[in-house]
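According to our numbering, the sequence shown is numbered sequentially starting from 602.
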Amino acid sequence: MGRPHRATAEARRGAARRRAGGRVRLPAVAGLFRSVASRLGRVTRGGAAPTRTPGPIPAQVARRRQVAALQRRDLSYAPEPDGQADPGEVVWTWVPYEDDPRQGKDRPVLVVGRSSRTLFGLMLSSQGERDGQRHWLSLGPGAWDRDNRPSWVRLDRVLTMREDSIRREGAVLDRARFDRVGQALRAGYGWR
């Protein structure tokens, strides 16, 4: 037998469209698209697309680690005006949200240590409600914030970052404030 006549195949598709109210229903393909879209986090069932913007590729994301897992890390203060991120500097990098690590935002991070090409950092926040909260230490204002707002550093969430994930350097934290952060990390979080 030969190939079906083209007109016959088109007639079958037209009949299928008429039965489906003008649309061809392809449940397997539609299910595949929904699956892919939901995995990408761009579409949620029965709702609008998420308002948070998707981040960079996973290799560039600052990864969260609990301080307890990094207790053997040594603090160091070695800022250098060389264009590379060093301990004692505030840098900007992509930080994932705790509730959904596939999403996040660019934020300032205080670099507190290094192991080879991996940097260890603590995220900063300029939200005033952080004042007096557990695990947050007041730093005051700094050049990393263009509006010179007071900032707080989070002590219980350590980020590990690759050097190439740093978007830009923000400023050097002065030695006195870095020492206060170090004292808090040593006293309450097991750093050396």
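Virtual Cβ for every residue (Gly too), placed ideally from N, Cα, C.
Residue 782 is positioned such that its CB atom lies no closer than 7 Å to that of residue 721. Excluding residues up to 5 positions away in sequence, 656, 695, 696, 697, 698 lie with their Cβ nearer than 6 Å to the Cβ of residue 705 in the same chain. Per DSSP, the unbroken alpha helix (DSSP H) holding residue 777 starts and ends at 776 to 790.
Secondary structure note for residue 752: its beta strand (DSSP E) is the uninterrupted segment 751 to 763. Counting of Cβ neighbours within 10 angstroms places residue 716 among the exposed residues, the total staying below 16. A distance below 7 Å separates the beta carbons of residue 738 and residue 785. Between residue 735 and the set 741, 754, 762, 718, the nearest pair of CA atoms involves 754.
The criterion of a C-beta distance shorter than 7 Å is satisfied by residue 688 and residue 713.
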